[in-house]
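Numbering (the numbering used here), first residue to last: 288 to 448.
Ideal placement from N, C-alpha and C gives every residue a C-beta, glycine not left out.
This report refers to the structure that appears directly beneath it.
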């Protein structure tokens, strides 16, 4: 039993590194990355333990790019995706899971703006969110496409190994 828990932690750490590396590799395409796909697959496979992967990824982001205001929302935004996927583990509707990934991308800026609201007020938070809507549209749409294409094959691969 201990071996399987250790193996799960190692795999989740590797997935966090893969998520970070994939984001880094795709950094020239704004808001297109495999984050949502990998978090959804990890949550389907490992349940709440996917939060370990999320928090390792968040720490990697901070260590590599610096801990600043932009980093704070990551603490809750990526965890929200895990929590949104957990109830869907039983029935695994690939379309619903893909729509969850898309919605997460579309709402990413709104969720980020909560920190701006706390630090600078409602008007500043609203302005921050509105200014980022074009990027949220790219984020949500790319999440939808990537999830529709990659979720099932990656999940099947995760189950196989």
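What are the boundary residues of the alpha helix (DSSP H) that residue 385 is part of?
381-393
For residue 400, does the three-state DSSP call read helix, strand or coil?
In this structure, residue 400 counts as helix in the three-state DSSP scheme.
Proximity to residue 387 [Cα-Cα], best of 403, 326, 293, 349:
326
Contact belief for residue 381 with residue 439 at Cβ below 8 Å, rounded distance in angstroms:
Rounded, the Cβ-Cβ distance is 5 Å, consistent with contact.
Around the Cβ of residue 418, are there at least 16 other Cβ atoms within 10 angstroms (buried) or fewer (exposed)?
exposed
Does residue 357 pass the burial test, meaning 16 or more other C-beta atoms within 10 Å, or should it be called exposed?
exposed
Do the stretch 336-347 and the stretch 389-407 touch if we need at least three Cβ pairs shorter than 8 Å?
No contact exists between the stretch 336-347 and the stretch 389-407.
Taking 8 Å as the threshold (beta carbon to beta carbon), is residue 337 in contact with chain D?
Judged by its chain identifiers, the structure shown contains no chain D, having just a single protein chain.
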